[in-house]
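Novice:
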Amino acid sequence: MKINEKNMVSFATSATPVDREGWLNKRGELNRGYQRRWFVLKGNILFYFDRRGDKEPVGMIVLEGSTIELAEDEEQFGFQIVFHGPNNRNYALAAESQESMEQWMKALACASYDYMKLMVAELQRQLDAAEEETTTVAAPSQSPKAPPRQRHNPFNRSELHHRSQSVRSAPGRTENVSRTRITFRELHNMYGRRILTDLNEWRHTKKVSEAPLISF
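Set out below in C-alpha cells:
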C-alpha cells in the first residue's frame with residue numbers, strides 16, 4: 005500500500021510512542037527478492053522506510069484482520085503477514101535472528117484491534133470471576149446483638165439484693181493482670197517525698213512574693 009495521505013505520513017514520523025522498530029527484510033510485490041527496510045510499528049499500523057530516519061515512509065501495512073505465521077519455505081527467520089480472503093496480498097518478512105523474529109511476530113500478533121478486544125473481554129471475565137469469588141468467601145459477618153434490656157422495680161428489695169450480689173461477685177476487668185505488691189512503708193516514702201518537695205517549693209515561692217521590692 006503506497007502512502008499518499010499527509011495525515012498518515014505525519015503520524016508515521018510523529019512523536020507518538022513506538023511499539024517496536026528495527027530492520028527487517030521484506031520481499032517485494034513485483035521484485036521477488038528481499039530488500040532491507042526500516043520498520044516502525046505504531047498501534048495496528050506497520051510503516052516501513054528505505055532508511056532509518058527518513059521523513060516519509062515507503063509504505064504501510066494495516067494489520068487489522070491479519071494473522072502472523074511462520075514462513076518455513078522462505079528465507080531463514082522468515083514469517084508472513086497473512087490476509088485471508090480472495091485478492092488479498094500477503095507480506096513476507098525475515099528477521100536477522102531467531103530472537104528478533106519471535107519478538108516481531110509477537111508484537112504484530114498483538115497489534116490488531118480485534119486482539120485488543122479479545123484481551124479486554126478476557127480480563128473483564130477474570131475480574132468478574134475474582135470479584136464473585138471474593139464476595140462468596142468474605143460473607144458479611146453479623147454484628148453481635150445486644151441482650152434485651154430488662155426493666156426492674158426499684159422498690160423490690162429482693163431484686164435489689166440479688167443485683168447487689170451479682171455485682172459484688174462479678175469478676176473485675178483486671179483479674180488476669182499481674183499486680184506488684186507494695187508495702188505501706190514504700191508507699192508512704194514515695195508519696196511523702198513528693199509532698200515534701202511540693203511544700204518546699206510553695207514556701208520558697210511565698211517567701212519571694214512577700215519580700216519587699218525595695219530595701220532601705
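First residue of the sequence shown? That's 5 in the working numbering, and the numbers climb one at a time after it. Glycine included, C-beta positions come from ideal geometry on N, C-alpha and C.
Give me the Cα-Cα distance between residue 85 and residue 97, rounded to the nearest whole angstrom.
Specialist: Each residue's Cα considered, the two are about 8 Å apart.
Novice: Can you say whether residue 45 is buried or exposed, counting buried as having 16 or more other CB atoms within 10 angstroms of its CB?
Specialist: Buried, by the Cβ-count rule.
Novice: Nearest by alpha-carbon distance to residue 94: which of 106, 108, 69 and 107 is it?
Specialist: When only C-alpha atoms are compared, the closest one is 69.
Novice: Cutting at 8 Å between CB atoms, please list the residues of its own chain near residue 54, excluding the five before and the five after it.
Specialist: Here the set comprises 41, 42 and 62.
Novice: Leaving aside the five residues before and after residue 105 along the sequence, list all residues of the same chain whose C-beta is less than 7 Å from its C-beta, in chain order.
Specialist: Contacts found: 81, 83 and 99.
Novice: Expressed to the nearest angstrom, what Euclidean distance is found between the alpha-carbon atoms of residue 32 and residue 38?
Specialist: Distance between the alpha carbons of residue 32 and residue 38 is about 6 Å.
Novice: Assign residue 55 to one of three DSSP states: helix, strand, or coil.
Specialist: Three-state DSSP puts residue 55 in coil, outside helix and strand.
Novice: What residue from 71, 9, 101 and 135 has the CA that sits closest to residue 64's CA?
Specialist: Selected option, being the one with the closest Cα: 9.
Novice: If residue 66 sits next to residue 48, beta carbons under 8 Å apart, how far is it from one beta carbon to the other, in whole angstroms?
Specialist: Right, their Cβ atoms sit about 7 Å apart.
Novice: With a CB to CB cut of under 8 Å and the five nearest residues on each side skipped, what residues in its chain are close to residue 23?
Specialist: Cβ neighbours of residue 23 beyond the five flanking positions: 45, 46, 47, 111 and 115.
Novice: Helix, strand or coil for residue 71, going by three-state DSSP, please let me know.
Specialist: Three-state DSSP puts residue 71 in a strand.
Novice: Considering only the beta carbon of each residue, do residue 79 and residue 29 sit closer than 8 Å?
Specialist: Yes, they are a contact pair.
Novice: Within its chain, find whatever has a CB closer than 7 Å to the CB of residue 27; leave out the 5 residues flanking it on each side and keep chain order.
Specialist: Correct list, in chain order: 40, 42 and 100.
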